[in-house]
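Student: Those sequence lines, one after another, are chains A and B. Quick note on this note's numbering: the first sequence kicks off at 1 and runs consecutively. Quick note on this note's numbering: the second sequence kicks off at 1 and runs consecutively. Every residue gets a Cβ at the ideal spot worked out from N, C-alpha and C, and that includes glycine. Quick one: the structure is below, questions incoming.
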Amino acid sequence: AQSVTQPDIHITVSEGASLELRCNYSYGATPYLFWYVQSPGQGLQLLLKYFSGDTLVQGIKGFEAEFKRSQSSFNLRKPSVHWSDAAEYFCAVVTNNDMRFGAGTRLTVKP
Amino acid sequence: EAQVTQNPRYLITVTGKKLTVTCSQNMNHEYMSWYRQDPGLGLRQIYYSMNVEVTDKGDVPEGYKVSRKEKRNFPLILESPSPNQTSLYFCASRRGLAGYTGELFFGEGSRLTVL
Chain A
1 AQSVTQPDIH
11 ITVSEGASLE
21 LRCNYSYGAT
31 PYLFWYVQSP
41 GQGLQLLLKY
51 FSGDTLVQGI
61 KGFEAEFKRS
71 QSSFNLRKPS
81 VHWSDAAEYF
91 CAVVTNNDMR
101 FGAGTRLTVK
111 P
Chain B
1 EAQVTQNPRY
11 LITVTGKKLT
21 VTCSQNMNHE
31 YMSWYRQDPG
41 LGLRQIYYSM
51 NVEVTDKGDV
61 PEGYKVSRKE
71 KRNFPLILES
81 PSPNQTSLYF
91 CASRRGLAGY
101 TGELFFGEGS
111 RLTVL
């Protein structure tokens, strides 16, 4: 069955440090992949998406993600984290027209 | 402004008292869906609708009902709520197959507590 795994439940980084959030998917064909962010008390906001083409995609708020077919991964990165990036991040894959989400990674940013 | 609107945002109720969470979108999207979010489980789909009068079960449909009588509205009905339905609920919508991008647009969530 198609699935999305986010291995890290909680990550803490210092402000200004780099960030990488991991996402692995299980899907036979080339998937549509997404990263969403959920700030406290808010809905989910799209950060970026991958459909095809260039495997490095740029998103909003300075985030990027790289699709690696050989590793079935779609990791999210940011070179320098800001305190406002503290939130929960969800990786998602579209399969059969339905979106499936990972369990999420909660990001804490230390001053 | 393009948006998905859910009401109520917060609700505390008691076991067995029927309730409805409304969802409305103003983007003329064909597809709408309900998710519940629980710690450590991410978002799980409850029901979805591909278009008016077309609905189908998601991964966790037990205890819920939906209807899609109009394109813009997709209410979630809990006929007899139980404490295990205490959760954060999200409504979402997207385009249908024409102009499909896969991107879901989410409401701000409805936090439901069943005592």
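1) Among 70(A), 108(A), 101(A), whose alpha-carbon lies nearest the alpha-carbon of residue 29(A)?
2) Within 10 angstroms of the Cβ of residue 17(A), are there 16 or more other Cβ atoms? Answer buried if so, exposed if not.
3) For chain B, check one thing: does any of its Cβ atoms lie closer than 8 angstroms to the Cβ of residue 29(A)?
4) Let me confirm a value: residue 7(A) is counted as buried when at least 16 other C-beta atoms fall within 10 Å, else exposed. Which label applies?
5) Is residue 68(B) closer than 8 angstroms to residue 53(B) when the C-beta atoms are compared?
6) Could you tell me which residues DSSP puts in a beta bridge with residue 77(B)?
7) Output needed in chain order: residues of the region 55-76 of chain B with a Cβ under 9 angstroms from some Cβ in chain E.
8) List the residues of chain B that residue 37(A) touches, going by C-beta distances under 9 angstroms, in chain order.
9) Whose Cβ in chain A lies nearer than 9 angstroms to the Cβ of residue 108(B)?
10) Buried or exposed: where does residue 27(B) fall if 16 or more other Cβ atoms within 10 Å of its Cβ makes it buried?
11) What are the residues that DSSP puts in a beta bridge with residue 44(B)?
12) What is the C-beta distance between residue 35(B) and residue 25(B), in whole angstroms, given that I count them as a contact (C-beta under 8 angstroms)?
Tutor: Quick answer:
1) 70(A)
2) exposed
3) no
4) exposed
5) yes
6) 20(B), 65(B)
7) Judged by its chain identifiers, the structure shown contains no chain E, and its protein chains are A and B.
8) In chain order: nothing, as chain B lies at least about 11 angstroms away.
9) 41, 42, 43
10) exposed
11) 36(B)
12) So it is not a contact: roughly 14 angstroms between Cβ atoms.
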